[in-house]
Structure formats: structure tokens, C-alpha cells
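Colleague:
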Amino acid sequence: MSVLVPTMGALHKGHQALIKRARSLSKEVVVSIFINPLQFENEDDIAKYPRSPERDIQLATLAGATEIWMPDYAEIYPGEITKLKASPIGDLFEGASRPGHFDGVVTVVNRLFEIVKPETAIFGEKDFQQLQIIRAMQSNVEIIGVPTVREYDGLALSSRNVRLSQSGRVSANVIYRAMAAARLAPTVAIAQEIIETTLATDAGFKSDYAVIIDEESFNLATDETKNKRAIIAGWIDGVRLIDNMRMGA
Ligand code: PAF
């Protein structure tokens with residue numbers, strides 16, 4: 030059976046963790062590298078997206094990839110594109126800030142599944158909303174989520190981190206610190222307050238959203254919600270960073 034690890038390249042240890050997980054499940058691990066224009070809001074963001082194909086091949090191979098597939102645009106989108114619609118949670122939070130983003134994600138993931146026909150596909154929990162939306166897609170591919178890999182100071186690994194300035198890089202762990210400080214708070218209201226107070230300690234962090242949600246519905250969590258997760262997005266140095274953490278013991 031083959032396992033697919035979809036990526037947009039600029040691989041790092043977080044992607045390697047996905048590939049290693051895939052390899053623990055199968056001898057056939059396909060890593061796709063395709064920067065999907067449909068999930069970007071503007072040309073500038075696509076142009077700025079980091080590219081490192083040679084290093085990607087090395088890192089993917091070292092982690093256990095048996096096939097590295099770098100399709101071109103025409104292979105993924107021959108002819109007219111039939112855009113799919115993401116599940117309703119695709120309009121919230123990340124989707125509200127980046128209209129059409131998740132429709133672009135489900136459209137490309139569907140094409141990758143059609144072409145590769147994997148039995149299983151692996152995605153990172155770092156993009157938790159994306160993971161839940163892909164789980165909600167009508168497909169017969171088993172979806173596995175892999176925990177976020179972090180830097181020594183808690184910052185989630187992301188291809189965008191290379192765009193941070195030196196001082197921005199130091200500030201960036203405020204997101205992790207806010208979530209970690211709130212994790213064991215006795216109520217949602219207290220956890221929310223801890224998150225907001227911690228984020229406010231860093232003048233360089235411009236918050237987009239910082240909330241605690243129900244992992245299934247993405248509605249704001251209450252104390253009765255079983256599976257709660259903090260989700261945070263914001264900008265440092267104009268670089269958009271997102272992260273999340275399960276709340277509770
Ligand atoms: O998470 C990503 O890198 C992308 O959104 C994905 C899943 C490869 C689709 O382009």
C-alpha cells in the first residue's frame with residue numbers, strides 16, 4: 030500500500046516527521062511537492078513562498094521517501110479547474126482571514142488523491158483546521174495527523190519562519206508560551222485571559238485570532254466542551270504564523 034505525504038516543499042524537520050510516520054506504515058512513501066496557486070490569496074504570497082528543491086530531495090530521501098513527485102501545473106490542473114468547496118468550518122478563522130484558501134486546499138488534495146491513489150495520507154497537526162477539513166472530505170483515503178514539531182523554545186516549525194528577522198524570531202515563541210501557560214487553566218475564560226495577556230506582552234505580535242474552540246465544530250469552546258484546542262494566528266514582521274495546542278491534561 031502507498032502512503033502519500035503532500036507538501037509544498039521548503040521541507041524541514043516537521044515534514045520529515047510526516048515522512049517518517051508514513052515510512053513506519055509502508056515501504057512505499059510518495060512525497061508530493063507542489064506549490065498550489067489555488068490556496069494563495071495573491072501573487073505576492075506565492076512569489077515569496079520559499080523554494081529549495083535540491084534540499085527537499087535530500088531531506089525527503091533521508092526521512093524515508095521512496096518517491097518524490099514534483100508535478101507541474103498542467104499535470105495537476107489539466108484544462109478547466111473544478112474547484113471543490115471545503116466543509117463549513119472552512120469559512121471560519123483561517124478561512125475567514127484567507128477567503129477561498131481551504132477550497133484551494135481541498136481541490137488540490139482531491140487531485141493528488143486522484144492521481145496517486147494512496148491508501149493513507151499524512152498531514153501535520155500544525156495546520157489543525159486544514160487537517161480537520163481534509164478529514165471531512167468525501168474520500169476513501171485514511172487521513173493521519175502527526176503532532177507538531179517545535180524548535181527548542183516552542184516555536185512550531187514552519188516554512189515561513191525563515192522570513193522572520195532576528196528579533197522577530199525571538200518574539201515568535203510568544204504564541205507557544207501563551208498556549209502552554211493556558212493549557213491547564215481551570216476554565217475556558219481563564220485560559221482565554223491567559224492567552225490574551227501573554228500575547229499582549231509582545232509588542233511585535235499582531236494578533237488575528239486567539240481563541241479556544243471545539244475541535245470538531247470549531248465553535249468557541251465552553252467548559253463543557255470535551256475536546257478543546259487553542260488556535261492562534263497573527264503576524265510578526267509581517268509574516269503570518271499559526272499554531273494550536275490541545276487544552277487540558
Ligand atoms: O499543508 C500544506 O503544505 C498544503 O496545504 C498541502 C496540504 C500540501 C496542499 O497544498
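According to the numbering used here, the stretch in the sequence shown is residues 30 to 278, in order.
For glycine and all other residues, C-beta sits at the position ideal for the given N, C-alpha and C.
Given a cut-off of 8 Å on the beta-carbon distance, is the pair Glu-123 and Ala-262 in contact?
Modeller: Residue mapping note: residue 123 aligns to position 94 of the sequence shown, counting from 1. Residue mapping note: residue 262 aligns to position 233 of the sequence shown, counting from 1. Closer than 8 Å, so yes.
Colleague: Tell whether a beta-carbon distance below 8 Å holds between Ile-162 and Val-145.
Modeller: For the purposes of this step, residue 162 is identified with residue 133 of the sequence shown, where counting begins at 1. For the purposes of this step, residue 145 is identified with residue 116 of the sequence shown, where counting begins at 1. Taking 8 Å as the Cβ cut-off, Ile-162 and Val-145 do not qualify as a contacting pair.
Colleague: Going by DSSP in three states, Thr-279 sits in which element: helix, strand or coil?
Modeller: Because the chain is modelled from 30 through 278, residue 279 falls outside the range shown and cannot be assessed.
Colleague: Specify the secondary structure class of Asn-139 as computed by DSSP and reduced to three states.
Modeller: If you number the sequence shown from 1, residue 139 lands on position 110. Helix, per DSSP.
Colleague: I believe Ala-214 touches Ile-223 by the beta-carbon criterion, under 8 Å. Please report the beta-carbon distance rounded to the nearest angstrom.
Modeller: Position 185 of the sequence shown, counted from the first residue, corresponds to residue 214. Position 194 of the sequence shown, counted from the first residue, corresponds to residue 223. Indeed, because the Cβ distance is near 6 Å, the residues count as touching under 8 Å.
Colleague: Look up Leu-160 in the DSSP assignment and say whether it is helix, strand or coil.
Modeller: Here residue 160 corresponds to residue number 131 of the sequence shown, with the count starting at 1. DSSP places Leu-160 in helix when its eight states are reduced to three.
Colleague: According to DSSP, is Ala-232 part of a helix, a strand, or is it coil?
Modeller: Translated into positions along the sequence shown, residue 232 becomes position 203. Coil.
Colleague: Just how far apart, CA to CA, sit Pro-66 and Ile-75?
Modeller: By one-based count along the sequence shown, residue 66 stands at place 37. By one-based count along the sequence shown, residue 75 stands at place 46. Going by the C-alpha atoms only, they are around 7 Å apart.
Colleague: Can at least three beta-carbon pairs, one atom from the region 108-124 and one from the region 39-50, be found at a separation below 8 Å?
Modeller: Short answer: they don't touch.
Colleague: By Cβ distance, which residues of its chain are closer than 6 Å to Asp-266, with the 5 residues on each side in sequence left out?
Modeller: Here residue 266 corresponds to residue number 237 of the sequence shown, with the count starting at 1. Excluding positions up to five away in sequence, the list reads Leu-193, Ser-194, Gly-197.
Colleague: If you follow the beta strand (DSSP E) that Glu-96 is part of, which residue opens it and which one closes it?
Modeller: Here residue 96 is taken as the residue at index 67 of the sequence shown, counted from 1. Start and end: 96-98.
Colleague: So what does DSSP say about Met-274, is it helix, strand or coil?
Modeller: Within the sequence shown, residue 274 is the residue found at index 245, counting from 1. Looking at Met-274 - three-state DSSP - the assignment turns out to be strand.
Colleague: With distances taken Cα to Cα, identify the nearest neighbour of Ala-278 among Phe-152, Arg-258, Ile-172, Gly-93.
Modeller: In the sequence shown, counting from the first residue as 1, residue 278 sits at position 249. That would be Arg-258, whose Cα lies nearest to the Cα of Ala-278.
Colleague: For Arg-164 and Asp-156, what's the separation of their Cα atoms in angstroms?
Modeller: As a first step, residue 164 is located in the sequence shown; it is residue number 135 there, counting from the start. As a first step, residue 156 is located in the sequence shown; it is residue number 127 there, counting from the start. Cα to Cα, Arg-164 sits roughly 12 Å from Asp-156.
Colleague: Give a single yes or no on whether Asp-156 has its beta carbon closer than 7 Å to a heavy atom of the ligand PAF.
Modeller: Numbered from its first residue, the sequence shown carries residue 156 at position 127. For the ligand PAF, at least one heavy atom lies less than 7 Å from the Cβ of Asp-156.
Colleague: Out of Val-60, Leu-249, Ala-115, which has the shortest C-alpha to C-alpha gap to Met-166?
Modeller: On the sequence shown, residue 166 is found 137 positions in, with the first residue counted as 1. Of the listed residues, the one whose Cα sits closest to Met-166 is Ala-115.
Colleague: Using 7 Å as the cut-off, classify the Cβ of Thr-36 as near or not near the heavy atoms of the ligand PAF, replying yes or no.
Modeller: Within the sequence shown, the letter at position 7 stands for residue 36. Checking the Cβ of Thr-36 against the ligand PAF gives yes.
Colleague: Within a Cβ cutoff of 6 Å, which residues of the same chain sit near Ile-97, ignoring the five residues on either side of it in sequence?
Modeller: Mapped onto the sequence shown, residue 97 falls at position 68. Val-60, Ile-86, Ala-89, listed in sequence order.
Colleague: Determine whether the beta carbon atoms of Ala-39 and Arg-80 lie at a separation below 8 Å.
Modeller: To locate residue 39, count along the sequence shown from 1; it is residue 10. To locate residue 80, count along the sequence shown from 1; it is residue 51. Cβ distance < 8 Å, so Ala-39 and Arg-80 count as in contact.
Colleague: On a Cα-Cα basis, can you pick out the residue from Val-58, Pro-35, Ile-260 that is closest to Leu-91?
Modeller: Against the sequence shown, residue 91 aligns to sequence position 62. Ranking the options by Cα distance to Leu-91, first place goes to Val-58.
Colleague: Can you give me the C-alpha to C-alpha distance between Asp-182 and Gln-68, rounded to a whole angstrom?
Modeller: In the sequence shown, the residue the question calls residue 182 occupies position 153. In the sequence shown, the residue the question calls residue 68 occupies position 39. About 30 Å.
Colleague: Say yes only if the C-beta of Val-137 is nearer than 7 Å to one or more non-hydrogen atoms of the ligand PAF, and no if none qualify.
Modeller: Taking the sequence shown and counting its residues from 1, the one referred to as residue 137 is at position 108. Result yes, Cβ under 7 Å from the ligand PAF.
Colleague: Measure the C-alpha to C-alpha separation of Ile-62 and Thr-254 and round it to an integer number of angstroms.
Modeller: Looking up residue 62 in the sequence shown gives position 33. Looking up residue 254 in the sequence shown gives position 225. Cα to Cα, Ile-62 sits roughly 37 Å from Thr-254.
Colleague: Quick check on DSSP: helix, strand or coil for Asp-132?
Modeller: Residue numbering aside, residue 132 sits at position 103 when the sequence shown is read from its first letter. Helix.
Colleague: Please work out which residues of its chain come closer than 6 Å, Cβ to Cβ, to Phe-131, disregarding the five sequence neighbours upstream and downstream, and give them in chain order.
Modeller: If you number the sequence shown from 1, residue 131 lands on position 102. Once the five neighbours on either side are set aside, the close Cβ partners of Phe-131 are Ala-115, Gly-119, Gly-124, Ile-162.
Colleague: Just to confirm, does Asn-65 get its C-beta within under 7 Å of one of the non-hydrogen atoms of the ligand PAF?
Modeller: Indexing the sequence shown from 1 puts residue 65 at position 36. It does: the Cβ of Asn-65 is within 7 Å (strictly closer) of some heavy atom of the ligand PAF.
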